[in-house]
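The sequence shown begins at 1 in the UniProt record's numbering and counts up one residue at a time. Positions of the beta carbon are idealized from the N, C-alpha and C atoms, including for glycine. Have a look at the structure below before the remarks.
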Amino acid sequence: MKTIVFYGSPAKDSHTKHLLDETLSVLEGEVKIVDCYNADIVPCKDCKYCFKKRGCSIKDDMTELYDYIDECDAVIIASPMHFGIVSAPTYKVFSRLQSYWSNRHIRHVEKEKPKPKYGALLVTTGGNWVNMELLIEGVADFAFDHMEAECIGSVFAKETDTHPVKENEKAKEKARYLGKRLNELCNRK
């Protein structure tokens, strides 16, 4: 089982990292973590290269990730909520998934049988308000769709300013559950 993680926190010892660690503690197989803050990945420049060819005209760290995304069984998005969505560096990385969209909708390249792939969303946020999940889940759904991954669930650790993830047993339990569920789904293929 191969999993790619898009880690969107600027801090190494963050609420997001603690939540992700809970999922990874039960996850089986190989895990590749993309540190969206430190990866050498620039945003899509809308050059339309992917309208004509596979991949992207920009040669940076994203180049090697395309093959890994194609091969992986699971995708985890782990990000703090910034302005209602994933962190800006995570969003920047997601803009480069445009090449997958172009494959299907512009160049009409269909895989014979797409490999089943599953996704999970882990979010931390200092706040808590009605429907706060809508925007970030929408962005994550676009990313999962571009990578042809079915999102199986999300965990929101809210009010982290006053309730750290380290002490949030409910969020940690849900994060571990998502890891176990990814194992079940990815290993039954």
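>> I believe V155 touches A140 by the beta-carbon criterion, under 8 Å. Please report the beta-carbon distance rounded to the nearest angstrom.
In response: Not really, about 12 Å apart at Cβ, beyond 8 Å.
> With burial defined as no fewer than 16 other Cβ atoms inside 10 Å of the residue's Cβ, what is the status of R188: buried or exposed?
Replying inline: When all chains shown are included, R188 counts as exposed.
> From what residue to what residue does the alpha helix (DSSP H) around S102 run?
Replying inline: 98-105
> For I41 versus D70, is the C-beta distance shorter than 7 Å?
Replying inline: At the C-beta level, I41 and D70 stay beyond 7 Å of one another.
>> Taking the straight line between their C-alpha atoms, what separation do you get for T125 and K158?
In response: Each residue's alpha carbon lies about 5 Å from the other.
>> Between the alpha carbons of L20 and I76, how many angstroms are there, rounded?
In response: In a straight line, the C-alpha of L20 is about 9 Å away from that of I76.
> Would the beta-carbon of T16 fall within 7 Å of that of P89?
Replying inline: no
> From what residue to what residue does the alpha helix (DSSP H) around I89 run?
Replying inline: In the sequence as presented, Ile is not what sits at residue 89; that position holds Pro. P89 -> alpha helix (DSSP H) spans 88-95.
> So, using beta-carbon positions, are S99 and C36 closer together than 7 Å?
Replying inline: no
> Taking C-alpha atoms, which residue in F83, E64, C56, M132 lies nearest to S102?
Replying inline: C56
>> So for C186, helix, strand or coil by DSSP?
In response: Here C186 sits in helix by DSSP.
> So who's on the other strand from G119, going by DSSP bridges?
Replying inline: V75, C151
>> If contacts are defined as beta-carbon pairs under 8 Å, then T23 and A143 qualify, I think. What distance do you get, rounded to the angstrom?
In response: Actually they are not in contact, since the Cβ atoms of T23 and A143 sit about 17 Å apart, beyond 8 Å.
>> Suppose the cutoff is 7 Å on Cβ atoms and the five residues either side in sequence are ignored; what does the same chain contact list for L185 look like?
In response: Y118, I152
> Are the beta-carbon atoms of A78 and Y7 separated by less than 7 Å?
Replying inline: yes
> Based on the DSSP output, what are the partners of T23 in its beta bridges?
Replying inline: In DSSP, T23 forms no bridge with anything.
> Ends of the alpha helix (DSSP H) at I4?
Replying inline: Element bounds for I4: not the alpha helix (DSSP H) but the beta strand (DSSP E), 2-7.
> How would you write the range of the beta strand (DSSP E) that D141 sits in, first residue to last?
Replying inline: Here D141 belongs to no beta strand (DSSP E); instead the alpha helix (DSSP H) covers 133-146.
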